[in-house]
Structures are given as C-alpha cells and as structure tokens.
Amino acid sequence: MNSERRIRLWTLVVDAARSGRVEVDHVCAASVSATGVDSAAVAVTLRATPREVLYVSDRTASELEELTLTLGEGPCVDASSGGPDLIADLAAPECLTRWPAFAPAAVLAGV
C-alpha cells in the first residue's frame, strides 16, 4: 500500500470514529468506503490460536466469515498467509478451482 493510499484510509478511519476512540468497526467502515465493497470483516489469526472474528459489518460478512472458518479456505485464508487477495467474481473458473468449497457456497450466499 503506498503512502497516499495509507493516509487516505487512515483519514477515513478517523472520520468514522468521529473524534472518539478508533475501534475495529471504524476500520471496517473505512475499508468499505475506500474500496467500494459491500461488506467487510476483521479477523485475527495468531500462531497458537484459531482464527477469531472481531467484527463483521453486516450479515453477508458474517456468513462469509462463517464459511471461511467452517471450510478452512477462501480469500481471507489465503490473504492471512500471503497478502491481499482482491477477487471480483467468486463464480469465475479460477476461483472455483482455487476454493472448490468456499467459492460456490459464497455465490449461493449472494456474493
């Protein structure tokens, strides 16, 4: 992420906090605003503990996080081990090959 983009994102986070303490929901709101996506979630993965969801912006994000946790695959799993994964269409053949359980389930969930 370049400096200009980082500054823009943190400005959105601070704006979302409205001069209060910055919380994880502000980070999600800023991420939705900055990227134009419909939903966002924040999850934490530590070496010795299972993945833990800290915040979901809506029901869709909750469903996708539940799928990720249940199936153990998807863009978030890959991103946690290698960097951002920006996917435009989970129904695309490469997504169906990459995440054979997650991609069709996410499409059925309306993503």
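Heads up, the sequence shown is in UniProt numbering, so the first residue is 1 and it goes up one at a time.
Ideal Cβ positions, reconstructed from N, Cα and C, are used throughout, including at glycine.
Item	Value
Considering Val-44, what are the terminal residues of the beta strand (DSSP E) in which it resides?	41-44
Restricting to runs no shorter than 3 residues, where is the beta strand (DSSP E) found entirely within the segment 11-82?	41-44, 52-56
From this set, Ser-80, Asp-89, Pro-93, which residue's C-alpha is nearest Glu-52's C-alpha?	Ser-80
Alpha carbons only, please: which of Ala-30, Arg-6, Arg-8 is nearest the one belonging to Ala-17?	Ala-30
How would you label Ala-61, buried or exposed, when you count the other beta carbons within 10 angstroms and need 16 or more for buried?	buried
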